[in-house]
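Novice:
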Amino acid sequence: MESIFQRIASELNVREQQVAATVQLLDEGATVPFIARYRKEVTNGLDDTQLRNLEERLRYIREMEERRSAILKSIEEQEKLTPELEKAIKGADTKTRLEDLYLPYKPKRRTKGQIAIEAGLEPLAEALLADPTLDPETEAAKFINTENGIEDTKAALDGAKYILMERFSEDADLLGRLRDFLWEEGRMSSRVVAGKEKEAAKFQDYFEHDEPLKSVPSHRALAIFRGRNSGLLQASIVIEGAEDRTVTHPCELSIAEHWNLEDQGRAADKFLRDTVRWTWRVKLLPHLETELMGRIREAAEEEAIKVFSKNLSDLLLAAPAGPRATIGLDPGLRTGVKVAVIDGTGKLVDHNTIFPHVPHNKWTESLGTIAKMVLKHGVELIAIGNGTASRETDRFAAELIKQFPKLNLSKVVVSEAGASVYSASELAAKEFPDLDVSFRGAASIARRLQDPLAELVKIDPKAIGVGQYQHDVSQTHLARSLETVVEDCVNAVGVDVNTASSALLTRVSGLNQTIAQNIVTFRDENGAFPNRDMLKKVTRLGEKTFEQCAGFLRVMNGDNPLDRSTVHPEAYPVVQNIAARFERDVRGLIGDSLFLKGVKATEFTDEKFGLPTVTDIIKELDKPGRDPRPEFKTAKFQEGVEDIKDLKPNMELEGVISNVTNFGAFVDIGVHQDGLVHISALSNKFVKDPREVVKAGDVVRVKVLEVDIERRRIALTMRMSDDANAQPGDQKPADNRNRGERRNNNRGSNDNRRQAPRSAQKPRGGQSQSKKPAEGGTFADLFASAKKLRK
């Protein structure tokens with residue numbers, strides 16, 4: 089049997105030694121960001137994506153090994169573990185195969201088959217299976233026993249049937265063969281529940297929908313599951329042509345073939361045929377349908393989580409405006425616009441409420457109030473939340489800039505997703521103990537313009553709302569995935585230890601909430617950290633923790649110039665060696681590009697620091713603490729276009745990518761309803777993945793194709809050179825079944841619901857198969873597809 093290391097190495101296409109070294113580091117408590125950046129020699133250059141995949145597979149396989157041990161122990165305790173069974177269990181390569189093998193030995197409630205065995209009917213079942221020439225009624229009469237509840241031959245035959253049904257349905261090889269057949273040949277079928285057509289209107293694309301099971305896109309699968317869970321849709325797995333109940337289902341044929349059964353007109357053939365039919369319809373079909381639907385759901389959830397993770401990463405790594413004094417405006421009508429002024433360090437210095445909009449209409453007074461706050465605090469930027477009254481407030485800010493041009497202000501509409509969650513959080517209460525909840529949101533809006541990463545880490549990632557069916561997926565898996573995204577983003581950028589909040593510090597490699605808070609407390613009590621080495625004086629921050637976190641923490645104006653770089657303290661001797669070799673001061677090396685280009689990394693390697701690390705060090709000395717995030721840019725919403733009713737076909741607008749899905753990208757164009765650029769309208773070239781073209785936060789130019797005011801749907805295109813009549817779906821070979829995908833938009837909701845269109849293919853088959861067996865059909869009725877089930 090392959091070792092864990094061999095198996096992961098094969099799956100990830102890397103060497104076994106790389107896997108073994110990485111697992112050892114992980115088991116010793118090293119984090120993925122630390123390993124990816126500072127242990128390249130050990131892993132031979134595995135990047136963070138490979139390391140995350142390795143970590144995930146390691147978790148899965150170790151869980152499977154624990155389950156394997158538990159299964160072997162259980163069967164051994166039952167004294168039923170044979171050498172053949174033990175070999176099969178030890179050789180099982182998936183959790184599904186393990187459970188198939190364990191099924192006959194799994195403790196369960198007393199079944200009808202077990203009751204029949206206890207009543208002494210197993211010999212009858214064995215006899216009829218072994219010799220179909222026996223007459224069932226005659227044989228059954230021999231087992232009538234009123235004391236055991238066998239009153240007549242019917243009861244005896246029913247008992248024998250239950251025994252055989254359990255035996256047929258618990259054969260691991262047969263289960264695997266049927267599962268594979270359904271996966272390859274099955275179709276996912278959805279139908280509206282009779283009488284609920286009106287209530288299920290938003291799922292109308294799935295009222296009569298069929299498509300191959302193995303290729304159902306994640307967004308359509310999750311839409312169908314949502315409809316089913318709402319009691320509005322029925323979902324099942326069907327085989328094309330197998331709905332005809334007058335002929336034998338191909339899976340029944342496979343069961344018969346596996347057990348060497350053939351209808352030759354013998355006395356017991358009808359009994360056995362009926363037993364096979366019941367086995368499929370009552371036992372196996374429900375079991376396999378549930379399992380395969382689970383597989384579809386699991387794959388769909390996995391894809392949805394990947395979409396959310398990628399969007400979150402793009403959002404967290406959005407360009408920061410930087411340490412510039414900013415006014416945050418949390419828009420409102422009746423309750424007014426909440427105003428918070430944040431200085432360049434992120435500190436709240438002023439707040440107020442203005443009432444420029446209806447019903448108060450204190451426009452001029454509000455302009456004067458904001459102008460005075462701008463002058464008083466040297467404000468450069470205005471951050472406007474994109475919720476209710478956002479466009480009205482945006483217009484107000486434009487008027488402010490127009491009336492007071494000497495203020496040199498710039499305005500930016502900022503996503504306020506999650507701001508209300510932060511406002512009511514314990515962290516916000518600690519940061520602003522004397523500030524009303526309503527103003528905390530305005531402060532958060534301003535800060536997320538200054539530094540999206542530093543502010544958004546304070547919010548539960550799930551509340552940021554850039555996901556696809558995020559409330560329909562495993563919340564545990566989603567949370568784990570999003571946490572790794574946040575960790576990777578924070579460590580990719582690095583953290584200023586003298587200004588970072590405890591929430592941001594918590595995400596740094598090696599740190600937890602307690603140690604992060606200890607750093608903040610130490611900083612408050614002793615002043616700014618003069619160097620990285622001082623971190624060792626923080627309570628509970630020991631040598632191992634220091635090793636993991638030091639390279640990601642920056643001391644911007646400290647004693648040692650290397651403390652503001654990504655060079656790890658353990659590698660400072662390398663820099664000192666370079667400086668000594670060329671008789672240069674370390675401080676003088678930093679930023680001297682011409683000199684550093686002439687330094688040969690190979691001359692400074694040793695047993696501890698190999699070529700990858702020394703090369704990284706030289707690059708870092710050239711541009712210390714470089715920020716991987718892009719340059720700050722903003723979108724300019726078109727004046728006079730503030731509502732979906734203002735949109736017209738062929739109108740060209742600027743907007744911001746708010747969300748990217750597998751079927752396209754949603755764009756905020758400032759009308760309180762994001763428009764969709766379908767994947768086929770993202771480019772004049774074929775696009776396989778929308779992320780090849782756009783990512784969350786990008787500023788893009790779009791053209792309006794179609795506006796459906798009643799359904800609040802906006803179709804956009806980025807194919808600006810195309811004919812105005814071009815429609816989403818024109819691109820080939822894009823999946824036209826995705827045409828018209830739309831968000832069931834509820835601005836402010838964290839659940840970006842998607843509804844998919846009806847399949848372009850005609851529905852095949854009717855309603856989902858009934859679970860009740862029907863008479864008719866013989867083993868001689870063959871489907872061509874049944875051949876795929878044969879060995």
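All letters in the sequence shown, in the order written, are residues 89 to 879 by my numbering. A virtual CB, placed ideally from N, CA and C, is assigned to each residue, including glycine.
Taking C-alpha atoms, which residue in Val425, Gly752 and Glu165 lies nearest to Ile767?
Specialist: Here residue 767 refers to the residue found at position 679 of the sequence shown. When each option's Cα is compared against that of Ile767, the closest is Gly752.
Novice: Please report the residue range of the alpha helix (DSSP H) in which Glu658 lies.
Specialist: Sequence index remark: in the sequence shown, residue 658 carries index 570 (1-based). That residue, Glu658, is in no alpha helix (DSSP H); it is neither H nor E in DSSP.
Novice: Taking its Cβ as the centre, do 16 or more other Cβ atoms sit within 10 Å of Ala282, making it buried, or is it exposed?
Specialist: Taking the sequence shown and counting its residues from 1, one reaches residue 282 at position 194. With fewer than 16 other Cβ atoms within 10 Å, it is exposed.
Novice: Going by the beta-carbon positions, is the gap between Leu735 and Val792 smaller than 7 Å?
Specialist: For the purposes of this step, residue 735 is taken as the residue at position 647 of the sequence shown. For the purposes of this step, residue 792 is taken as the residue at position 704 of the sequence shown. Against a cut-off of 7 Å, the Cβ pair of Val792 and Leu735 comes out as a contact.
Novice: If you draw a straight line from the alpha carbon of Lys464 to that of Gly615, how long is it in whole angstroms?
Specialist: As a first step, residue 464 must be located in the sequence shown, where it is residue number 376. As a first step, residue 615 must be located in the sequence shown, where it is residue number 527. C-alpha separation (whole angstroms): 28 Å.
Novice: To the nearest angstrom, report how far apart Gly646 and Ala516 are at their CA atoms.
Specialist: Within the sequence shown, numbered from 1, the residue matching residue 646 stands at position 558. Within the sequence shown, numbered from 1, the residue matching residue 516 stands at position 428. Between Gly646 and Ala516, the C-alpha separation is close to 29 Å.
Novice: Output the distance between the C-alpha atoms of Thr241 and Phe359, rounded to the nearest integer angstrom.
Specialist: To locate residue 241, count along the sequence shown from 1; it is residue 153. To locate residue 359, count along the sequence shown from 1; it is residue 271. Near 13 Å, if we compare the C-alpha coordinates of Phe359 and Thr241.
Novice: For Thr119 versus Gln636, is the C-beta spacing smaller than 7 Å?
Specialist: The sequence position of residue 119 within the sequence shown is 31, counting from 1. The sequence position of residue 636 within the sequence shown is 548, counting from 1. Going by C-beta atoms, Thr119 is nearer than 7 Å to Gln636.
Novice: If you pair each beta-carbon of the segment 605 to 624 with each one of the segment 94 to 103, do three or more pairs fall below 8 Å?
Specialist: Flag = no, the segment 605 to 624 and the segment 94 to 103 do not touch.
Novice: I need the boundaries of the beta strand (DSSP E) containing Ser746, first residue and last residue.
Specialist: Locating residue 746 in the sequence shown gives position 658, where the first residue counts as 1. Taken as a continuous stretch (DSSP letters only), the beta strand (DSSP E) holding Ser746 covers Glu740 to Thr749.
Novice: Measure the alpha-carbon distance for Pro408 versus Ser590 and round it to whole angstroms.
Specialist: Translated into positions along the sequence shown, residue 408 becomes position 320. Translated into positions along the sequence shown, residue 590 becomes position 502. Their backbone Cα atoms lie some 20 Å apart in a straight line.
Novice: Looking at the structure shown, is Asp839 part of a helix, part of a strand, or coil, going by DSSP?
Specialist: As a first step, residue 839 must be located in the sequence shown, where it is residue number 751. Because Asp839 sits at a pLDDT of 39, beneath the cut-off of 50, its placement in the model cannot be relied upon, and the point is left open.
Novice: Hey, could you find the ends of the beta strand (DSSP E) Phe754 is sitting in?
Specialist: Indexing the sequence shown from 1 puts residue 754 at position 666. Taken as a continuous stretch (DSSP letters only), the beta strand (DSSP E) holding Phe754 covers Gly752 to Asp756.
Novice: So which of Tyr510, Ala512 and Phe484 has the shortest CA-CA distance to Val501?
Specialist: The residue given as residue 501 occupies position 413 in the sequence shown. If we check each option's Cα against that of Val501, Phe484 comes out closest.
Novice: Indicate the three-state DSSP secondary structure (helix, strand or coil) for Asp223 in the structure shown.
Specialist: Residue numbering aside, residue 223 sits at position 135 when the sequence shown is read from its first letter. Three-state DSSP puts Asp223 in coil, outside helix and strand.
Novice: Helix, strand or coil for Asn440, going by three-state DSSP, please let me know.
Specialist: Against the sequence shown, residue 440 aligns to sequence position 352. DSSP places Asn440 in strand when its eight states are reduced to three.
Novice: Excluding the 5 residues preceding and the 5 following Ala505 in the sequence, name in chain order all residues of the same chain whose CB lies nearer than 6 Å to its CB.
Specialist: By 1-based counting over the sequence shown, the position of residue 505 is 417. Here the set comprises Ile552 and Gly553.
Novice: Specify whether the segment 625 to 632 and the segment 662 to 672 touch according to this definition: at least 3 beta carbon pairs, one from each stretch, less than 8 Å apart.
Specialist: Touching, no.
Novice: Taking the DSSP output, what are the residues bridged to Ala471?
Specialist: Looking up residue 471 in the sequence shown gives position 383. Answer by DSSP bridge pairing, in chain order: Gly416 and Val500.
Novice: Are the CB atoms of Pro649 and Ile678 nearer to each other than 7 Å?
Specialist: Here residue 649 corresponds to residue number 561 of the sequence shown, with the count starting at 1. Here residue 678 corresponds to residue number 590 of the sequence shown, with the count starting at 1. Closer than 7 Å, so yes.
Novice: According to DSSP, simplified to helix, strand and coil, what is Val775?
Specialist: On the sequence shown, position 687 is the one that residue 775 refers to. In the structure shown, Val775 sits in coil (DSSP, three-state: anything other than H, G, I, E or B).
Novice: Can you tell me which residues form a DSSP beta bridge with Val102?
Specialist: Here residue 102 refers to the residue found at position 14 of the sequence shown. Val102 is not bridged to any residue.
Novice: So, at 8 Å on beta carbons, what are the nonlocal neighbours of Leu881 in its own chain, with the 5 sequence-adjacent residues on each side left out?
Specialist: In this structure the chain extends from 89 to 879, so residue 881 is not present and cannot be described.
Novice: Classify Thr119 as helix, strand or coil using the three-state DSSP reduction.
Specialist: Within the sequence shown, the letter at position 31 stands for residue 119. The answer is coil: DSSP assigns Thr119 none of H, G, I, E or B.
Novice: Using only alpha-carbon positions, find the residue among Phe122, Ile757, Leu570 and Leu169 that is nearest to Tyr190.
Specialist: The sequence position of residue 190 within the sequence shown is 102, counting from 1. Nearest option by C-alpha distance: Leu169.
Novice: In whole angstroms, what is the alpha-carbon distance linking Gly208 and Asp246?
Specialist: For this step, residue 208 is matched to residue 120 along the sequence shown. For this step, residue 246 is matched to residue 158 along the sequence shown. Roughly 13 Å between the two C-alpha positions.
Novice: Assign Asp223 to one of two classes, buried (16 or more other C-beta atoms within 10 Å of its C-beta) or exposed (fewer than that).
Specialist: Translated into positions along the sequence shown, residue 223 becomes position 135. Exposed.
Novice: Could you name the residues of the same chain whose beta carbon sits closer than 8 Å to that of Leu186, not counting the 5 residues immediately before and after it, in chain order?
Specialist: Along the sequence shown, read from residue 1 onward, the residue named residue 186 stands at position 98. Met152, Arg155, Arg156, Ile159, Ile177 and Ala180, listed in sequence order.
Novice: Is it buried or exposed, Ala784, if we count other Cβ atoms within 10 angstroms and call 16 or more buried?
Specialist: Within the sequence shown, numbered from 1, the residue matching residue 784 stands at position 696. With 16 or more Cβ atoms within 10 Å of its Cβ, Ala784 is classed as buried.
Novice: Taking the alpha carbon of Lys707 as the point to measure from, which residue in Lys724, Phe683 and Leu541 has its own alpha carbon closest?
Specialist: Mapped onto the sequence shown, residue 707 falls at position 619. Closest by alpha carbon: Phe683.
Novice: Measure the CB-CB distance between Ala244 and Ala218 and report whether it falls below 7 Å.
Specialist: Within the sequence shown, numbered from 1, the residue matching residue 244 stands at position 156. Within the sequence shown, numbered from 1, the residue matching residue 218 stands at position 130. Against a cut-off of 7 Å, the Cβ pair of Ala218 and Ala244 comes out as no contact.
Novice: Which same chain residues end up closer than 8 Å to Met253 when comparing Cβ atoms and leaving out the 5 residues on each side of it in sequence?
Specialist: Within the sequence shown, the letter at position 165 stands for residue 253. The answer, listed in chain order, is Gly201, Thr363, Trp366, Thr367, Val370 and Lys371.
Novice: So, helix, strand or coil for Met276, using DSSP?
Specialist: In the sequence shown, counting from the first residue as 1, residue 276 sits at position 188. Residue state, collapsed to three classes: strand.
Novice: Can you look up Gly264 in the DSSP assignment and give me helix, strand or coil?
Specialist: Stepping through the sequence shown from its first residue, residue 264 is reached at position 176. Residue state, collapsed to three classes: helix.
Novice: So what does DSSP say about Asn606, is it helix, strand or coil?
Specialist: For the purposes of this step, residue 606 is identified with residue 518 of the sequence shown, where counting begins at 1. Looking at Asn606 - three-state DSSP - the assignment turns out to be helix.
Novice: Taking 7 Å as the cut-off, decide whether the C-beta atoms of Ile489 and Ala507 are in contact.
Specialist: Taking the first residue of the sequence shown as position 1, residue 489 is located at position 401. Taking the first residue of the sequence shown as position 1, residue 507 is located at position 419. No; because the gap between Cβ atoms is not below 7 Å, this pair is not in contact.
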